[in-house]
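For the sequence shown, my numbering gives the first residue as -7, with consecutive numbering after it.
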Amino acid sequence: MPLLRGHKKIIKLVKELAADAPRNFLPPSEGTRPTSEHLLPFSHVRGTRGYLERVVNQINGCYEKGWFDGCAVMMRRLIETLIIECFEKAGIADKIMDAKTGELLYLRDLIDKLLQEKNWNLGRTTKQALPKLKNVGDQSAHSRRYNANREDIDKLANDFRVVCQELIYLARLK
-7 MPLLRGHKKI IKLVKELAAD APRNFLPPSE GTRPTSEHLL PFSHVRGTRG YLERVVNQIN
53 GCYEKGWFDG CAVMMRRLIE TLIIECFEKA GIADKIMDAK TGELLYLRDL IDKLLQEKNW
113 NLGRTTKQAL PKLKNVGDQS AHSRRYNANR EDIDKLANDF RVVCQELIYL ARLK
């Protein structure tokens, strides 16, 4: 009989743990910080905008976990956001809006406008890297049969950091 009571206690404990587990083991809603900064040091965006900080955490976190398609898409997102920040800071955001719809242009067109803009003189690395970074992000987001791997991201890592630093500077975020 004592063994039966012990089983009931164990069953009760297991049910309590099962009920608590989903709440206790989920990440916080704002996400977590990665343990490493392989692609972009957090210091580049610390104190800029909360949404930029979160995106950089996601970029580094995806890389750290081996989620390379997610990493490429988030890299693409950061570049797109930083381009918009540059135009807004320069007071020329109207140049990146569709005249008919009033919506922001697609990244391809944002890059074209950025490269043509006379308000700043982009570095050679940025000019050459933007299309490559966009391409990997597009492939990861839109191609059914493409999966990015670590080598795809690694060969773009330095260019990505240079592009981000330049755009952060041009947007006067740092």
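The beta carbon of each residue, even a glycine, is placed where N, CA and C say it ideally should be. Computed from a predicted model, the values in this text were never measured in an experiment.
Pairwise C-alpha distance: residue j and residue i
i	j	result
Glu72	Leu159	10 Å
Leu162	Trp112	8 Å
Cys156	Leu74	7 Å
Leu44	Leu70	7 Å
Ser135	Lys126	13 Å
Cys78	Arg164	8 Å
Gly39	Glu80	18 Å
Same chain only: Cβ atoms within 8 Å of residue i, ignoring 5 sequence neighbours per side
i	result
Gln120	Asp151
Thr27	Glu56
Cβ-based burial, residue i [other Cβ within 10 Å; buried from 16]
i	result
Met67	buried
Phe17	exposed
Leu32	buried
Asp61	buried
Met(-7)	Low per-residue confidence applies at Met(-7): pLDDT is 48, beneath 50, and the placement is therefore not dependable, though the value from the model is reported in the following sentence. Per the 10 Å Cβ criterion, exposed.
Residue i versus the options, residue with shortest Cα-Cα distance
i	options	result
Asp101	Asp146, Ile76, Leu114, Arg116	Ile76
Leu122	Pro20, Val154, Ser35, His134	Val154
Met89	Tyr98, Arg116, Pro20	Tyr98
Neighbourhood of residue i by C-beta distance below 6 Å, restricted to the same chain and skipping five residues each side
i	result
Ala64	Val128, Gly129, Ser132, Ala140
(request) Indicate whether the contact test is met: 3 or more Cβ pairs, each with one atom in the stretch 51 to 65 and one in the stretch 136 to 145, closer than 8 Å. (result) Yes, they touch.
(request) Give a yes or no on contact between the stretch 130 to 140 and the stretch 35 to 54, applying the rule of three or more CB pairs nearer than 8 Å. (result) no
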